[in-house]
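Data block below; observations after.
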């Protein structure tokens with residue numbers, strides 16, 4: 168402790184640089200850890216197991232601040248558990264990112280003057296694998312620069328052979344159990360990419376459009392007519408009803424009346440439905456079941472015809488009108504103008520601000536479209552996922568997020584899992600020459616002449632299997648025996664519903680299956696805890712975005728301040744469910760803290776500090792006893808913080824202890840004592 172011996176001219180401090188320069192040492196330090204096997208898990212170890220699977224980032228992307236926060240918190244948890252004597256597995260990997268990856272490669276082909284259609288499916292898939300080999304390693308390099316202590320020997324990819332086997336196995340089982348079915352329903356459709364897309368790939372934005380009110384029925388006010396309004400005028404070509412509230416006295420006599428369609432030989436019935444708000448607009452709503460989710464539900468309740476008026480590229484088709492062949496936006500104008508010529512336009516509000524869903528990848532407005540797709544019946548799966556939290560098998564941190572969880576799983580709609588893409592896990596369904604439909608497992612082959620379904624599975628299907636497929640399921644492996652169920656899932660609250668819910672549904676489902684994988688052990692859930700952190704915002708509390716120009720590249724901060732500064736900044740601000748505001752001042756403060764620790768360490772080494780047994784307490788100086796007592800208290804505070812996932816609490820305790828007590832007081836006292844010791848030795 169502070170009663171150090173006179174300084175040896177050759178000390179460990181002589182091997183340290185004069186100043187702390189993280190950029191000159193971090194890469195070599197990290198590679199040394201990897202080479203020494205510090206992060207490699209041993210499934211045969213007698214130590215208690217602790218495991219985390221890394222939420223797989225898209226192979227197309229690069230790490231943003233949200234990823235950096237994720238990785239920092241997971242790294243903190245796993246390093247702490249190693250220090251506590253656990254056998255730790257932090258398993259890394261990447262997602263094949265079906266639609267995003269296919270879009271990138273298709274753009275490359277377009278620049279070369281060709282297309283995936285010209286290449287054909289097999290050659291296109293080969294081209295994507297080539298792109299992955301050449302360009303898919305960006306994130307792995309960034310993870311190394313962050314200092315992620317992952318087990319690289321177990322690195323996984325959602326299109327690996329082992330994971331593909333898991334996908335086919337569970338699809339087959341769910342199909343046989345009646346949980347996967349084929350049906351024509353409304354989906355989010357991307358005309359540019361010509362595929363259904365998931366809810367998470369739809370981003371809503373306010374846009375300036377128009378709200379046009381027009382008249383169905385007679386132009387004579389004394390004859391039956393109704394005024395309706397829409398922002399998507401072209402969809403009136405698919406109208407099959409007009410809905411009013413059953414208690415609306417204005418329309419009571421019109422319920423059951425059929426009005427002529429202005430352009431088509433089609434009668435439009437007036438129906439009564441409680442969905443309609445009589446106080447909004449005219450109190451009457453046009454119903455286009457094949458192109459609006461609310462209208463689809465009304466159409467099902469009233470057995471209305473569902474007429475699709477657009478092709479896969481969102482051009483009008485099959486209406487038999489002058490509008491066939493027009494793009495949806497061209498048709499929007501043309502239909503309005505044609506109605507105006509008939510004298511049917513009652514009112515136009517322009518500009519009219521309203522929320523429109525856009526494809527995250529293509530940037531275009533999505534089109535609700537009736538389409539034949541494969542679906543998962545989620546009722547029993549969602550109930551099991553909800554019950555797992557209700558019964559405490561999985562604990563959500565913070566508890567305040569539980570109501571959102573239950574609201575989601577208790578009201579979940581069936582999930583469309585098919586995508587009209589080529590890159591991804593192809594759906595293992597085959598069609599026979601006599602109209603047969605069969606699902607074949609990974610060890611089965613379809614008969615000669617049968618044709619496989621052309622669609623692939625939603626990326627979330629394979630990533631939903633991530634906690635157990637990465638450890639070898641459906642085979643019974645040593646990793647599953649040792650590390651599954653995983654200890655904690657660390658992720659942002661913004662994907663609680665999309666990814667966490669799917670993992671919980673799949674995890675609770677496979678935990679009940681009497682097939683290989685878990686060796687009869689209790690594996691009812693994929694993880695014991697779910698820790699939900701918030702979003703990383705700028706120093707003013709605003710959400711980071713490209714349009715605002717306030718985004719921060721975490722690797723830029725690594726270059727400027729060092730990985731430790733970035734990581735401490737993020738961990739210091741992290742609490743369950745709370746957003747984090749960060750700016751350069753926070754990173755500079757963390758850089759100063761790292762420098763302070765370096766200087767304190769160098770001072771101690773220069774003055775003979777070494778690892779060893781503590782002297783008896785009565786042999787310690789008063790400052791020594793004080794700092795050791797404070798260390799015990801801080802250790803308790805830090806342990807308490809980490810156990811409850813209150814990273815900020817733990818980091819604040821460390822920061823103030825190290826800076827305010829160790830450096831500002833204890834080391835200053837030590838300088839006096841070591842100076843006195845040297846004076847006595849020289850005298």
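Numbering (this note's numbering), first residue to last: 168 to 850. All C-beta atoms, glycine included, are put in the ideal place defined by N, C-alpha and C. Note that the structure is predicted; figures quoted are calculated from it, not measured.
- By the C-beta density criterion, residue 281 is exposed, having fewer than 16 other C-beta atoms within 10 angstroms.
- A check of alpha carbon separations from residue 222 across 255, 195, 636, 261 identifies 261 as the nearest.
- Given a length threshold of 4 residues, each whole run of the alpha helix (DSSP H) inside the segment 614-644 is given here in chain order: 626-630, 633-636.
- For the set 208, 195, 192, the Cα lying nearest the Cα of residue 645 is the one of 208.
- According to DSSP, residue pairing for residue 524 in a beta bridge involves 371.
- Beta-bridge partners of residue 324 (DSSP): 261.
- Burial is judged here by how many other beta carbons sit within 10 angstroms of a residue's own beta carbon; residue 442 has fewer than 16 and is exposed.
- Here the alpha carbons of residue 228 and residue 535 stand approximately 28 Å from one another.
- For residue 818, the uninterrupted alpha helix (DSSP H) segment begins and ends at 814-823.
- No Cβ-Cβ contact shorter than 8 Å links residue 454 with residue 397.
- Spanning the alpha carbons of residue 728 and residue 661 requires a straight line of approximately 28 Å.
- Counting along the chain, residue 539 sits inside the beta strand (DSSP E) bounded by residues 534-543.
- In the three-state DSSP reduction, residue 477 falls in the strand class (E or B).
- In the displayed model, residue 659 falls within a strand according to three-state DSSP.
- In the DSSP secondary-structure assignment, residue 225 is bridged to 262.
- Here residue 360 is buried, its C-beta having at least 16 other C-beta atoms within 10 Å.
- Boundaries cannot be given for residue 211, as no beta strand (DSSP E) includes it and DSSP labels it neither H nor E.
- With contacts defined as CB atoms closer than 8 Å, residue 218 and residue 573 fail to qualify as a contacting pair.
- Within the same chain, and ignoring the five residues on either side of residue 394 in sequence, the residues whose Cβ sits closer than 6 Å to its Cβ are 380, 382, 449, 513.
- Residue ranges of uninterrupted beta strand (DSSP E) with 3 or more members, entirely inside the segment 443-514 and ordered along the chain, are 451-454.
- Checking the DSSP bridge columns, you'll see residue 272 has no partner listed.
- Bounds of the alpha helix (DSSP H) holding residue 804 are 789-810.
- Judged by DSSP secondary structure, residue 695 falls within the beta strand (DSSP E) whose first and last residues are 694-700.
- Taking 8 Å as the cut-off, the beta carbon of residue 187 is found closer than this to the beta carbon of residue 762.
- For residue 518, the secondary structure class from DSSP, reduced to helix, strand or coil, is strand.
- In this structure, residue 695 and residue 657 do not form a Cβ contact; the two beta carbons are roughly 12 Å apart against a cut-off of 8 Å.
- In this structure the segment 508-527 lies against the segment 353-368, because at least three pairs of beta carbons, one per stretch, are closer than 8 Å.
- Bridge pairing for residue 826: absent [DSSP].
- Distance from residue 767 to residue 830 at the Cβ level is roughly 5 Å; contact confirmed, criterion being Cβ atoms closer than 8 Å.
- Short of 7 Å from the beta carbon of residue 429, and not among the five residues preceding or following it, lie these beta carbons of its own chain, in chain order: 506, 509, 511.
- DSSP places residue 566 in no alpha helix (DSSP H); its state is neither H nor E.
- A distance below 8 Å separates the beta carbons of residue 495 and residue 401.
- By the CB criterion at 8 Å, residue 624 and residue 673 fall outside the cutoff.
- Between the alpha carbons of residue 640 and residue 668 lies a distance of about 19 Å.
- Taking C-alpha positions only, residue 238 is separated from residue 245 by approximately 10 Å.
- Here residue 235 has 313, 721, 733, 737 as same chain residues with Cβ atoms under 7 Å from its own Cβ, once five neighbours each way along the sequence are excluded.
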